[in-house]
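Q: Below are the structure tokens for one structure; questions will follow.
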Amino acid sequence: MEKTVTTPLGPVTIVADRHSVTGLWFGRCNQSDQSPLLEEAGKQLHQWFAGQRTEFNLPINPRGTPFQLRVWGQLLKIPRGETRSYGQVAAALGSPGAARAVGRACGANPLAIIIPCHRVVGAGGGLTGFTGGLELKQQLLAADRGDLL
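The sequence shown begins at 311 in the working numbering and counts up one residue at a time.
If you want it as structure tokens, here you go:
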């Protein structure tokens with residue numbers, strides 16, 4: 311099931327199976343399904359952009375390797391408005407030399423915004439790689455701070 315919602319940063323497509331949200335990406339889908347889960351995900355996304363929600367309360371089921379799942383779990387612990395470096399995430403996982411692998415896992419994140427890979431930055435705090443582009447990453451960080459709207 312898929313549904314596109316309009317956000318301040320353009321259309322976002324939410325993908326779900328019968329039990330959980332499995333994908334979220336920027337862009338429009340070709341279909342618009344109706345389900346309570348998709349409706350709730352859209353509602354929470356709007357609340358997040360409005361600054362009314364700091365984290366999502368949705369059943370999620372991202373598909374990835376065991377390492378990616380560990381990285382994504384660690385990203386869920388980064389509070390709204392804060393960032394961590396790739397090295398800090400790697401160290402928190404007990405793999406201090408895995409900063410590049412953390413970056414690859416961030417790039418493979420199927421649940422943008424919900425799993426906040428945009429909160430991971432370079433060692434010096436600078437913006438580095440983001441699948442949607444650095445401008446989008448900057449806008450998501452601004453939304454985290456409440457500066458977007």
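All C-beta atoms in this analysis are idealised placements derived from N, C-alpha and C, irrespective of residue type, glycine included. Note that the structure is predicted; figures quoted are calculated from it, not measured.
Check for me: the alpha helix (DSSP H) holding Glu350 runs from which residue to which?
A: Under the DSSP assignment, Glu350 falls in the alpha helix (DSSP H) whose first and last residues are 346-359.
Q: Since I believe Val399 is in contact with Val430 (beta carbons under 8 Å), could you give me their beta-carbon distance rounded to a whole number of angstroms?
A: 6 Å
Q: Expressed to the nearest angstrom, what Euclidean distance is found between the alpha-carbon atoms of Leu437 and Phe377?
A: 23 Å
Q: Have a look at Leu446, Leu379, Gly456 and flag the residue whose alpha-carbon is nearest the alpha-carbon of Ala411.
A: The residue among Leu446, Leu379, Gly456 with its C-alpha nearest the C-alpha of Ala411 is Leu379.
Q: Does DSSP classify Lys387 as helix, strand or coil?
A: coil
Q: For Lys313, which residues does DSSP report across the bridge?
A: Ile324
Q: Evaluate Lys313 with the Cβ neighbour count: other Cβ atoms within 10 Å of its Cβ, from every protein chain shown; 16 or more gives buried, anything less gives exposed.
A: buried
Q: For the pair the stretch 324-331 and the stretch 361-369, tell me if three or more CB-CB distances fall below 8 Å.
A: yes
Q: Within the same chain, show all residues whose beta-carbon is closer than 6 Å to that of Leu450, passing over the 5 residues directly before and after it, in chain order.
A: His428
Q: Quick one: what's Phe488 bridged to in DSSP?
A: The shown model of the chain, from 311 to 459, leaves out residue 488, and the question about it has no answer.
Q: Please return the same chain residues whose Cβ sits closer than 8 Å to the Cβ of Leu386, not counting the five positions on each side in sequence.
A: Glu365, Ile425, Pro426
Q: Pull up the distance between the alpha-carbon of Gln354 and that of Cys416, whole angstroms please.
A: 22 Å
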